[in-house]
Amino acid sequence: MSKAFSLLEIIFVLLIISIILSFFMGKFDDSLNSAYKTSIKAEISLIRNSINKINSKKILLNQNILTKLDEALVEKEKVLLFENILQIPLLSTNSIRKDLGKWIKISSNKYKIYFTSNKYLEFEYKNNAFSCLSEINLCKEFE
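Under my numbering, the sequence shown has 110 at position 126, and the numbering climbs by one with no breaks.
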């Protein structure tokens, strides 16, 4: 009587393991995307609330309202974004790397953030508002 597994038994076990892993990998990917979306929603709210707070304070003190959210360079990686409004600024990425969940400064008042490898949101700071420029359904999903 042989103490080793037959080739058929090994193939059967590998097949079962691969089916189970493929099911869990799909769930893991969904939960990771959900985590990025939640983080992005929180950051958008934080940015908007900070803008409102600072502009309200400046109006009460009879000072000029906020014109720039930061002094960072466009398309620069690992620089501090939103440093004029946030106590803890956010680190940037660039359009080449497209790190998920990190902001990209694309002009002096426009920003972009990727939530999947090929989908992103675009925002603009104009008239004291941080407005979404992407498709309406995407903007509503993240508000």
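Glycine included, C-beta positions come from ideal geometry on N, C-alpha and C.
- Taking C-beta atoms under 8 Å as the contact rule, Ser29 and Gly85 fail to qualify, at a distance of about 15 Å.
- Looking at the DSSP output, Ala113 shares a beta bridge with Lys110.
- Leu45 counts as exposed, since fewer than 16 other C-beta atoms from the protein chains shown sit within 10 angstroms of its C-beta.
- The continuous stretches of alpha helix (DSSP H) do not include Lys103, and DSSP gives it neither H nor E.
- For Asn93, the CB contacts under 7 Å within the same chain, skipping 5 residues up- and downstream, are Glu108, Tyr109 and Lys110 in chain order.
- Per the C-alpha coordinates, the member of Asn68, Ile38, Pro73 and Glu61 positioned closest to Ile80 is Glu61.
- The segment 32 to 50 makes no contact with the segment 4 to 11; the number of CB pairs closer than 8 Å stays below 3.
- DSSP, read as helix, strand or coil, puts Ser76 in strand.
- The alpha-carbon separation between Leu(-9) and Leu(-2) amounts to approximately 11 Å.
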